[in-house]
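Numbering (my numbering), first residue to last: 220 to 627. Structure first, then comments.
So this is what it looks like as structure tokens:
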């Protein structure tokens, strides 16, 4: 047993004084779909609904003499730190981006109670991180990195310790979400070469892939915060030192809209509530194909801190990605019966979800924004053929991000 493995097991034992091991559950639905033995490590079932509690616990148990703990977090690390501040009865100041979902802000305050102060700073995590580090330096606090800290990495490795204990062996394949790299570097350090890995990132925050391509951590010019639990602009120095040899072939990036289809599927089929980052490992299974067939695969479900006010957006993005919802601008003749002519061209499964005149004062033709939901993508091919045959002029704006953000 290596020194790191021994420390990870000690950290895991310490966690049993605070919370029970999260379940490792075989998922029949996914196992049948991918012809593999698919297990879900349910970190969404921890006391703070993410694995971040582990790193915070391990780091803080080693620094209990510190009077002030400071952290920066998009939400999950914040909740873990808040939970442990209350547990250890120490003071914490938690910096969170202004764009953090309200659900995560409220839960952080609930977990920390009077032991924590929350400060909302910056639109992106890295702005928030700079502010937290500056405050920590001026106040003489102990900074708790969400990922780039040896004690945090060691704490996140407890996920691997539990998987080995619960499965009774090391799985054939691990699918791990990546934000700043704390979880992935911890699992890799613990399991080493005993298993195969797939490291998964959201397309709008693929800092590991960028670092692998550059050979060093680099800052992404832009980060999509939709998958806020994994939306990090720059991977950690310590974490990348561990991950630098994983190879691009073991790295996947997932479009945020596709993540939404998996979130909806897991909610409807399995009743599992996932945040976008929490769906990364499950979503990646469809890209692995033959590589996992007949093998034991563990997907780390990294978080379930989902604000249900975001559900309409998730459903919308899932439908658009799946091709069953489109928006287009229709040039409609300004004459009696023109709208009826258009409606008669709709198929039995075509449902108008949005109808809005964009130019009401036009004399001969009016522009209409129309959103249509249907049962399968092929229905739109047939609808557009009917529109063309009947002389209607229209423009599909579903994939036009600039135009859609102004009118949809």
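Just so it is clear, CB atoms sit at the ideal spot from N, CA and C, and this is done for glycine as well.
With 16 or more other Cβ atoms from the protein chains shown falling within 10 Å of its own Cβ, residue 482 counts as buried. Residue 561 and residue 614 have their C-alpha atoms roughly 15 angstroms apart. Taking each of 393, 459, 405, 407 in turn and checking the Cα distance to residue 425, the smallest one comes out for 459. For residue 490, the number of other beta carbons within 10 angstroms of its own is below 16, and it is reported as exposed.
Secondary structure remark: continuous beta strand (DSSP E) runs of at least 3 residues inside the stretch 447 to 496, in chain order: 470 to 473. Scanning its chain for C-beta atoms nearer than 7 angstroms, with the 5 sequence neighbours on each side dropped, one finds around residue 305 the residues 330, 331, 332, 334, in chain order.
Comparing alpha carbon positions, the residue from 270, 517, 429 closest to residue 374 is 270.
Here residue 408 is near residue 376, since their CB atoms are less than 8 angstroms apart. Looking at the DSSP output, residue 613 shares a beta bridge with 549.
Annotation: the continuous alpha helix (DSSP H) that includes residue 324 extends over 321 to 331. Assignment of beta-bridge partners to residue 338 by DSSP yields 314. Residue 285 is not bridged by DSSP to any residue. Straight-line spacing of the CA atoms in residue 324 and residue 611 works out to 49 angstroms. Residue nearest to residue 486 within the set 525, 507, 340 is 525 (criterion: CA-CA distance). The three-state reading of DSSP puts residue 506 in helix, counting H, G and I together. For the pair residue 370 and residue 277, the CB atoms are nearer than the 8 angstroms cut-off. Nearest C-alpha to residue 466 among 438, 503, 479, 416: 416. Here residue 444 carries a coil assignment [DSSP, helix/strand/coil].
Within the model, the alpha-carbon separation for residue 543 versus residue 550 is close to 22 angstroms. Under the three-state reduction of DSSP output, residue 222 falls in the helix class. Taking the CA atoms as reference points, residue 548 sits about 47 angstroms from residue 244. With a cutoff of 8 angstroms on beta-carbon distance, residue 391 and residue 421 are scored as not near each other.
Here the stretch 345 to 353 lies against the stretch 291 to 301, with 3 or more beta-carbon pairs under 8 angstroms apart. Between residue 536 and residue 502 a beta carbon distance of about 13 angstroms is seen, past the 8 angstroms cut, so the two are scored as non-contacting.
A contact between stretches requires three or more CB pairs, one per stretch, nearer than 8 angstroms, and the stretch 387 to 407 meets this requirement with the stretch 513 to 521.
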